[in-house]
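All remarks here apply to the structure that follows.
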Amino acid sequence: MTPAQQHAIETLGPQFCLPFRASLLDFDTVFGRRAPTVLEIGFGMGETTARIAAEQPEHNFIAIEVHAPGVGSLLQKIEGARLTNLHLIRHDAVDIVENMIAPASLSGIHVFFPDPWPKKRHHKRRLLQAPFLHELALRLRVGGYLHIATDWAEYAEEVLLTLSLEPLLKNSATHFAPRPPTRPQTKFETRGLRLGHEVFDLVFIRV
Ligand SMILES: C[S@@+](CC[C@H](N)C(=O)[O-])C[C@H]1O[C@@H](n2cnc3c(N)ncnc32)[C@H](O)[C@@H]1O
């Protein structure tokens, strides 16, 4: 972690980082207003997150990351762009979803380039498996969306199949979705494209 990231956590953390706790968040209280709220899981260094929040001031964003330098980095961006519609939680996303996010409360969920481990022995620990995807679907309000992007073809196919079998969700496309203009190219995506990977977007709607 750089001294600037550490400094951002110390000075801006109290205002923009929510502590993990085993009770449901009240979004109206967190943001001081009532607005549609989007959850992001695994924002990395947060470049895309800050950009999306700046481009959609009418939405609230709660962004989750376990990696401390990323949290420091995104806090710096929040301050730089004077964002008031983005709060962070530094904790495991599975715990947060299960304990802090009320059913049918989210208008969207972003999971961009999770699990960068293509090896078969790592598959067991992948985040996007049927039980957790069901938990995510339960947190969306009717009409809300789950947007996943990955550059691993085999992971993309597996998640597509799992989501197609989830009765709470309906595919917005017939197979993979075109990349929505609201998703800027992420840092990890840039790396994947440099390596010659194809990128897959999946956008499913809560029914
Ligand atoms: C490959 S990076 C992608 C980062 C960013 N979304 C991008 O596209 O550049 C995946 C990120 O997800 C985070 N992550 C993975 N599993 C997580 C979990 N269970 N809870 C919170 N963050 C998680 C990792 O720390 C990592 O920063």
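In our numbering, the protein residues as written are 207 to 413.
The beta carbon of each residue, even a glycine, is placed where N, CA and C say it ideally should be.
Here the structure is a predicted model, which means the values were calculated and not measured.
For Gly314, which residues in the same chain have their Cβ closer than 7 Å to its Cβ, ignoring the five residues on either side in sequence? Excluding residues up to 5 positions away in sequence, Val244, Gly350, Tyr351, His353 lie with their Cβ nearer than 7 Å to the Cβ of Gly314 in the same chain.
Going by CA-CA distance only, name the one from Ala274, Asp357, Trp358, Arg332 that's closest to Thr208. Nearest of Ala274, Asp357, Trp358, Arg332 to Thr208, Cα basis: Ala274.
With Val413 as the anchor, note down where its beta strand (DSSP E) starts and where it stops. Segment: none, Val413 is in no beta strand (DSSP E) and carries neither H nor E.
Say yes only if the C-beta of Val365 is nearer than 7 Å to one or more non-hydrogen atoms of ligand 1, and no if none qualify. No, the Cβ of Val365 stays beyond 7 Å of every heavy atom of ligand 1.
Can Leu292 and Ala259 be called in contact, C-beta distance under 8 Å? Yes, Cβ-Cβ distance for Leu292 and Ala259 is below 8 Å.
Nearest residue (CA-CA) to Pro178, options Pro225, His265, Glu261, Phe394: Because the chain is modelled from 207 through 413, residue 178 falls outside the range shown and cannot be assessed.
Give the DSSP bridge partners of Glu246, in chain order. Beta-bridge analysis with DSSP links Glu246 to Ala269, His316.
Would Leu344 and Pro373 be called neighbours here (beta carbons separated by less than 8 Å)? In this structure, Pro373 does not lie closer than 8 Å to Leu344 by Cβ.
Using 8 Å as the threshold, is the C-beta distance between Val409 and Gly398 below it? No. Outside cutoff.
Spatial neighbours of Ser279 within its chain, please: C-beta separation below 6 Å, excluding the five flanking residues on both sides. Excluding the 5 residues flanking it on each side, Ser279 has same chain C-beta neighbours closer than 6 Å at Gln211, Met251, Gly252, in chain order.
Which of the three DSSP states, helix, strand or coil, is assigned to Leu375? Leu375: strand per DSSP, three-state reduction.
Do three or more CB pairs link the segment 378-386 to the segment 289-308 at distances below 8 Å? Flag = no, the segment 378-386 and the segment 289-308 do not touch.
If I follow the unbroken beta strand (DSSP E) through Val365, where does it start and stop? First-last for Val365: 359-370, but that is the alpha helix (DSSP H), not the beta strand (DSSP E).
Taking 7 Å as the cut-off, is the C-beta of Ala234 nearer than that to any heavy atom in ligand 1? Looking at the sequence itself, residue 234 is Asp, so the reference to Ala does not match. Taking 7 Å as the cut-off, one finds no heavy atom of ligand 1 near enough to the beta carbon of Asp234.
Paired residues, beta bridge with His353 - DSSP: The partner list for His353 (beta bridge, DSSP) reads His316, Val409.
Just to confirm, is the Cβ distance from Leu369 to Leu401 under 8 Å? In this structure, the beta-carbon distance from Leu369 to Leu401 does not fall below 8 Å.
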